[in-house]
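Structure, as structure tokens:
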Amino acid sequence: MVKKTSSNVKAPTKQPQRKKPPVKSASSIGALEAARDKGKRDHLLSQRTVEGYNRYVLRGKEFLEVLVASKKAELEAEKSNSEEDRMKQYEELQELSKAFDPSPNTQSVRALELFITEKCFAQGCGGNTASGIHAGFKKLWDKIDRYYGDYHVNEDTLKVTGNPANAPSVNELRRSVVNRDKGKDIARNHAEAIRYEDLAKMMDWSESVCSDDRISQTRSLSDQLHVAEHLMFRAYASTAFTLWSRNSETSSIKNRHYKRNCEGTDPYHIPHDQVYLVNRKGWTRQSGNTTAAMGRMYEVYDQKDTPAMDMRFYMQQWLRFLEDELLKRPLTDEEYIFPTIGQNGLVHTYQCIDHNAFQARLNMFAANTGLTVEYTTHSFRRGGAQYRFQYCPLGKRWALSRIRWWGGWAEGEQSDTLMRYLLDELSSQESSHHDALCPIQREASQSFNGDHILTSPVTIGEIRELFGSVGREFQRLHLDIEQGKLAPFPSQFRFYAPGTSLVGPSTVAASPFPTPPAFIPNVNPTQSLLDEPLRQPLHLTNMLRLQKQDKNTSRKTPSVPEAVIPNLSHGPEAWREVIRQWEESNPITKTKALKDWPLEWYSGSMSRFTGSKWNQRKAIAEEYIRCNRTDTQFLSEFPEATQSIKMLLNAIAQKRQPAPSVQKGCCQRARRGAESPM
Numbered sequence: 010m011v012k013k014t015s016s017n018v019k020a021p022t023k024q025p026q027r028k029k030p031p032v033k034s035a036s037s038i039g040a041l042e043a044a045r046d047k048g049k050r051d052h053l054l055s056q057r058t059v060e061g062y063n064r065y066v067l068r069g070k071e072f073l074e075v076l077v078a079s080k081k082a083e084l085e086a087e088k089s090n091s092e093e094d095r096m097k098q099y100e101e102l103q104e105l106s107k108a109f110d111p112s113p114n115t116q117s118v119r120a121l122e123l124f125i126t127e128k129c130f131a132q133g134c135g136g137n138t139a140s141g142i143h144a145g146f147k148k149l150w151d152k153i154d155r156y157y158g159d160y161h162v163n164e165d166t167l168k169v170t171g172n173p174a175n176a177p178s179v180n181e182l183r184r185s186v187v188n189r190d191k192g193k194d195i196a197r198n199h200a201e202a203i204r205y206e207d208l209a210k211m212m213d214w215s216e217s218v219c220s221d222d223r224i225s226q227t228r229s230l231s232d233q234l235h236v237a238e239h240l241m242f243r244a245y246a247s248t249a250f251t252l253w254s255r256n257s258e259t260s261s262i263k264n265r266h267y268k269r270n271c272e273g274t275d276p277y278h279i280p281h282d283q284v285y286l287v288n289r290k291g292w293t294r295q296s297g298n299t300t301a302a303m304g305r306m307y308e309v310y311d312q313k314d315t316p317a318m319d320m321r322f323y324m325q326q327w328l329r330f331l332e333d334e335l336l337k338r339p340l341t342d343e344e345y346i347f348p349t350i351g352q353n354g355l356v357h358t359y360q361c362i363d364h365n366a367f368q369a370r371l372n373m374f375a376a377n378t379g380l381t382v383e384y385t386t387h388s389f390r391r392g393g394a395q396y397r398f399q400y401c402p403l404g405k406r407w408a409l410s411r412i413r414w415w416g417g418w419a420e421g422e423q424s425d426t427l428m429r430y431l432l433d434e435l436s437s438q439e440s441s442h443h444d445a446l447c448p449i450q451r452e453a454s455q456s457f458n459g460d461h462i463l464t465s466p467v468t469i470g471e472i473r474e475l476f477g478s479v480g481r482e483f484q485r486l487h488l489d490i491e492q493g494k495l496a497p498f499p500s501q502f503r504f505y506a507p508g509t510s511l512v513g514p515s516t517v518a519a520s521p522f523p524t525p526p527a528f529i530p531n532v533n534p535t536q537s538l539l540d541e542p543l544r545q546p547l548h549l550t551n552m553l554r555l556q557k558q559d560k561n562t563s564r565k566t567p568s569v570p571e572a573v574i575p576n577l578s579h580g581p582e583a584w585r586e587v588i589r590q591w592e593e594s595n596p597i598t599k600t601k602a603l604k605d606w607p608l609e610w611y612s613g614s615m616s617r618f619t620g621s622k623w624n625q626r627k628a629i630a631e632e633y634i635r636c637n638r639t640d641t642q643f644l645s646e647f648p649e650a651t652q653s654i655k656m657l658l659n660a661i662a663q664k665r666q667p668a669p670s671v672q673k674g675c676c677q678r679a680r681r682g683a684e685s686p687m
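And the structure:
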């Protein structure tokens, strides 16, 4: 039975559709095309990539211009060819001169091959250069649809279609360069990671030559430049190592990006600084207008356990000196924290420090510290990441998620970036057997970074090596005493051979050295540690296998303890340290300038401690004064000064050529003293 609907039920009425507003007239075709081109130009490739491509194209055009001019000169000089051949060659030359135009021709492939050959085979550039040239010209010719795709030339019409950079001969040449580099077994080209220990060495050296006393006593322009160089380096290096920032990111930090003395959250209110890093490399891969894409804020706390990377301390120390001593005013928001400082002392706060300037400073610090590794500004980023991942103490290492966030790697970035930074280095160390001859094996392949040895029991072999190391250290101290660098060991100081215990009270004379252990276990694995018979106590020099010296001939401590001449650093600037020691008082040792020393400080009983060094410094300083205190004149007469102090002293001795009656004077001592430590 069909149920009828009631007649009084009304059917639902349709809502009237809203009329769409009329479409406004579009912009002009020219405006849209301009917006299209601008959008591609701004967002298709990064600005740095575009600049790199443009440089390759510009250099290619310059090369082609020189090549065509040279070939044209050859044609004009030749007289043997017929007029028809000469006209044909001129036509080819005219075509070749336009080979790198936006619209390629039949000579474009040949010109591109010649340019790659010049750069990579004639000049010795590598596969990266070949790939860069190829990519730059490929992008140049891809802009026109007609030249996009595979390369082809119509033999009848000589019409070019496709991209000349895609020609098989060009790709074969590029691969040849890459294969050549692989055959040479060229070392990896990424930056060597700086270790925390090496960073600490550079910081320690910097603080030794630029102490707090010298900072507080800064008066002259040269002193200000010297202090500014060291304080800026400490702040810059600790920042790059802590934040893993690249050179462009570190140098571009402005005052508005760094907030000092912020207060932490409840309930501890831990003081810290805040630093904002904006426009980090690779953050264009971040999707959307997110905070990560705009910039990232880092809270920087005191790092007292790792003073070499205590960024907050070094940064505040540098900013105080910059504002109080150099500028005499606070920084404004748009001024750089690491500005360019001229040799005349002018601070260009709106110009950040140049990459080459800081790289030269890094090379100088590493050389003066004695480091042989060639670090780059990127070494801080690699070293900081590796330290947090595998080298810092157990329990303080970071997970990969935190490392990705802290390093500013985008979520969509390829995973091989982190592999290169972290896992490749770890795998290389765990699979390496470079320490196979070491008495104490690290066994890095047995656990993560060989960390199992940190919790394993001490072995007999490790104890043996420990006391061997202690013995070598005492021998080094003994040699320092022989050279007059330290006071001698007291004769009452006694050392007990392994496997013995001290009978009766263990008394030693007052000594600046730490008290030796009262019990030293036997390190012979075949004997019991408890059954070893007592032995007679041995004098320290016997343990070191050195002959005893008679008390009457033993060296004495310096009679003038404040008469100290610091050793010179190695490098081309060592001779400048000589001049400073001769003319300026030492703020570290609180000693007078060498020129003001009284006679008894470097003669008589003190001659064995300071005589040689004092005469060396005097010989160099006298020649510098004779050259009117002009660096250029001094270096022109003694170019050996930039090589080593020893070579400089020999050159001075040869130049003076003393008469036989004065051969026992200053110059002969300078020549003889050149063999002694500086």
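Quick note, the sequence shown lines up with residues 10 to 687 if you use the working numbering. For glycine and all other residues, C-beta sits at the position ideal for the given N, C-alpha and C. Here the structure is a predicted model, which means the values were calculated and not measured.
Remark: C-beta atoms of residue 176 and residue 395 do not approach each other more closely than 8 Å.
Classified as buried, residue 243 has 16 or more neighbouring CB atoms from the shown chains inside 10 Å of its CB. The Cβ neighbour count for residue 271, taken over all protein chains shown within 10 Å, is under 16; the residue is labelled exposed. With contacts defined as CB atoms closer than 8 Å, residue 393 and residue 289 fail to qualify as a contacting pair. Between the region 129-142 and the region 179-194, the count of C-beta pairs closer than 8 Å reaches three or more; the two stretches touch. In the three-state scheme derived from DSSP, where H, G and I count as helix and E and B as strand, residue 271 is classed as strand. DSSP places residue 358 inside the beta strand (DSSP E), whose first and last residues are 356-361. Setting aside the 5 residues that flank it on each side, residue 153 is surrounded in the same chain by 111 and 112, each with a C-beta closer than 8 Å to its C-beta; the list follows chain order. By the C-beta density criterion, residue 143 is buried, having at least 16 other C-beta atoms within 10 angstroms. A direct Cα-to-Cα measurement between residue 651 and residue 636 gives close to 16 Å. Inter-segment contact for the region 385-392 and the region 268-284 is absent: fewer than three beta-carbon pairs are separated by less than 8 Å.
Contact fails between the region 203-220 and the region 333-341, because fewer than three Cβ pairs, one in each stretch, are under 8 Å apart. For the pair residue 45 and residue 266, the Cα-to-Cα distance works out to about 34 Å.
Going by DSSP, residue 308 is part of the beta strand (DSSP E) stretching over 305-309. For residue 262, the number of other beta carbons within 10 angstroms of its own is at least 16, and it is reported as buried. In its own chain, leaving out the 5 sequence neighbours on each side, no residue places its CB closer than 7 Å to the CB of residue 648.
Its chain contains 147, 150, 151, 156, 157, 158 and 160 as the residues whose beta carbon lies nearer than 7 Å to that of residue 172, once the 5 sequence neighbours on both sides are disregarded; these appear in chain order. With respect to residue 372, residue 214 sits apart: the two C-beta atoms are not nearer than 8 Å.
Using a 10 angstroms sphere on the CB of residue 627, the tally of other CB atoms reaches 16 or more, which defines it as buried.
With 16 or more other Cβ atoms inside 10 Å of its own Cβ, residue 247 counts as buried.
One alpha carbon belongs to residue 577, the other to residue 583, and they sit about 6 Å apart. The alpha-carbon of residue 305 is positioned some 32 Å away from that of residue 141. Here DSSP, grouped into helix, strand and coil, assigns residue 169 to strand.
Rounded to the nearest angstrom, the gap between the Cα atoms of residue 329 and residue 231 is 19 Å. In the structure shown, the three-state DSSP call for residue 339 is coil. Annotated three-state conformation of residue 279 is coil, per DSSP.
In this structure, the CA atom of residue 619 is about 11 Å from the CA atom of residue 606.
Per DSSP, the continuous alpha helix (DSSP H) segment holding residue 38 begins and ends at 38-52. DSSP links residue 263 through a beta bridge to 345. Boundaries of the alpha helix (DSSP H) harbouring residue 372: 364-378, taken from the DSSP string.
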